[in-house]
Structure formats: C-alpha cells, structure tokens
Amino acid sequence: MLSLNNISITFNEGTLDEKKALQTVNLQLEKGDFVTVIGSNGAGKSTLMNMISGSLKPDVGSVKINEKNVTLLPEYKRSRLIGRVFQDPMAGTAPTMTIEENLAMAYARNKKRTLKYGVSKRRKSLFKEHLATLHLGLENRLNAKVGLLSGGERQALSLLMATFTEPNILLLDEHTAALDPSRADLITKLTGEVVEQFGLTTLMVTHNMQQALDLGNRLIMMDKGQIILEVSGEEKQALTIEKLLAEFQRIRGKQMDNDRAVLG
Ligand SMILES: Nc1ncnc2c1ncn2[C@@H]1O[C@H](COP(=O)(O)OP(=O)(O)OP(=O)(O)O)[C@@H](O)[C@H]1O
Ligand SMILES: [Mg+2]
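Number 263 in full-length UniProt numbering belongs to position 263 of the sequence shown; there are no gaps in the numbering.
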C-alpha cells in the first residue's frame, strides 16, 4: 500500500544550519495498517508526513503508493490518494467558506477533473449524514462560516473532510494537540471510529504515549531522522509507557556509545 524506501532529506545541506531531517527511512505499510508515530521534538515526524503527502521531495529514496512510484508526483496530484489533518485547527479548512462549501470542496477534490463546488440536494443530505456522525450538531449549521467554529469543531470537520472520500492514506500530525482534554478525547475517539469504519491506512503523530499505545496496530518511534523502534501486533499490545521509555533510553545509550567509539 505505502512503501518508503531509503528516504533521506537534508535541509540547508553544506551550510552551518545543515539538518538531516530524515536518514535512510524505510517503512512498508499494508492496507488498513494504523501506525502511531512518536518521538521528541525535531525527530523528523512532520518531515515524514510532508514527504508522504508530497509537499517535500526526498533527496534520496522512493515513495510508492499502491505499487506506483509517486516520488516525483506533485502534492496536488497526490491529494486524491491522501487525507490529512494538521495540528493547527486553522490549517485544514477554509475559514471564509461555509461548512457546506468546505465539504463540497473536499468532495470535489476526490473527483477527477471536476472543480464544481455546487451542492445538489442529494449531496446536501449526504453531508448532513456525515456531519451527524460527529455528534456536535454541525449538521444543523451547514451555512455557518467555518472561521466561526471552535477549534474542536474545526478539527472534527477537518477529520471528516480528510476521510469521507475514503483516501488510500490518512495522515494525522498531532491533530488533537491544540484541543482541550475533552475535545481531544472526542477527536481521538472519532479518529478510531472512522479509521476502523473505512479500514484506512493511517499514520498518526502524537506526543501522547498512552494514545500511541491505545490506538492502532503498529507503533514507530523516531529519533534524529531515523525510525529507531518498530513494534506491531501482540508486541505492541504488551507495551507500556515504562517499557517504551526504557527502550528509548537503551537505544539512545547505544547510539551515544557508538558516537563515542567513532570520536575515539
Ligand atoms: N523547511 C525546513 N528548513 C530547515 N529545517 C527544517 C525544515 N523543516 C524542518 N526542519 C528541521 O528538521 C528537523 C525535523 O523537523 P520536524 O518538523 O520533522 O520535527 P518533528 O518530529 O515533527 O518535531 P515536533 O515534535 O516538534 O513537531 C528539525 O530540526 C527542524 O528544525
Ligand atoms: Mg511536527
């Protein structure tokens, strides 16, 4: 389904600001895999998401979606295959447009060569049906401007817009981070439901380790642009925060030993 092969990205190469954001990353996802992604600030998680969505090109390596090499395919051409929700509730929706217009735009994005944002009666009832699944009453506010919605409401709408056209891949980058705990819980629950309902292949970045353990069938930990830990299935189910932290310390320690050995 998604195949990342030997991906490396370096920002500002050859300057004092050089940053190896991704270093020889390999990852193979099967259809329906739900991967939670953890790692400290600057580990390369968002860079990984940007590279999969096509907003960043790898310097080295290739990206395949459904066996097709999309490494050089621009972002707008990949958008039909990929749904995305960002950390910032302002990022995924158009604030000056209504809920209905935003949904129509997301709907049109998925159709070949159509830029008709028009809303037919049938489509309107489809939108209402989808909105009702959020349990936020948004189905009664189709004509409300999205800029007036609360952060939680906007994130719920973003999640709906990213998923109701059933993309091949769903990318979630700390999409509950800006929300209060109860709204964050709601969006997390909705995420689990929608991923399961459509069997979406999903990558979800989170700083909430418990969430990373509770959700999904696979987990990866990133550090300094590399995937340093990968667990799945029963091994993931048996994992605890304590074990995860101990593993992180162990791998980091090993890396420091290696660094020392190289430096002599
Ligand atoms: N466009 C860019 N130009 C230069 N450096 C960048 C750029 N984008 C990211 N970086 C750097 O690459 C590294 C990885 O950044 P990235 O945003 O992927 O981290 P992250 O794991 O998402 O961190 P966080 O948890 O803070 O969101 C960081 O050191 C960052 O400063
Ligand atoms: Mg990030």
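Each residue gets a CB set at the ideal place from its N, CA and C atoms; glycine is no exception.
Keep in mind the model is a prediction, meaning the values are calculated, not measured.
Take the Cβ of residue 298 as the centre, count every other Cβ of all protein chains shown within 10 Å, and call the residue buried at 16 or more, exposed below.
No answer is possible for residue 298: the residues shown for the chain start at 1 and end at 264.
Thinking just about the alpha-carbon of each residue, which of R78, L245, S150 is nearest to the one in Q180?
Checking the sequence, you will find Asp at residue 180 rather than Gln. Answer by Cα proximity: S150.
Taking 8 Å as the cut-off, decide whether the C-beta atoms of A144 and I187 are in contact.
no
Using a threshold of 7 Å, is the CB atom of V45 nearer than that to any non-hydrogen atom of ligand 2?
For the record, residue 45 in the displayed sequence is Lys; it is not Val. It does: the Cβ of K45 is within 7 Å (strictly closer) of some heavy atom of ligand 2.
Consult DSSP for F34 and reduce its assignment to one of helix, strand or coil.
strand
Look up G216 in the DSSP assignment and say whether it is helix, strand or coil.
coil
When we look at the beta-carbon of R122 and count the other beta-carbons within 10 Å, is it buried (16 or more) or exposed?
exposed
Roughly how many angstroms separate the alpha carbons of E30 and A43, rounded to a whole number?
So the alpha carbons of these two residues sit roughly 24 Å apart.
Among the candidates R183, G199, E153, whose CA atom is the shortest distance from the CA of L170?
The shortest C-alpha separation from L170 is found at G199.
Which residues in the same chain as S232 place their Cβ atom closer than 7 Å to its Cβ, once the five residues preceding and following it in sequence are excluded?
N217, R218
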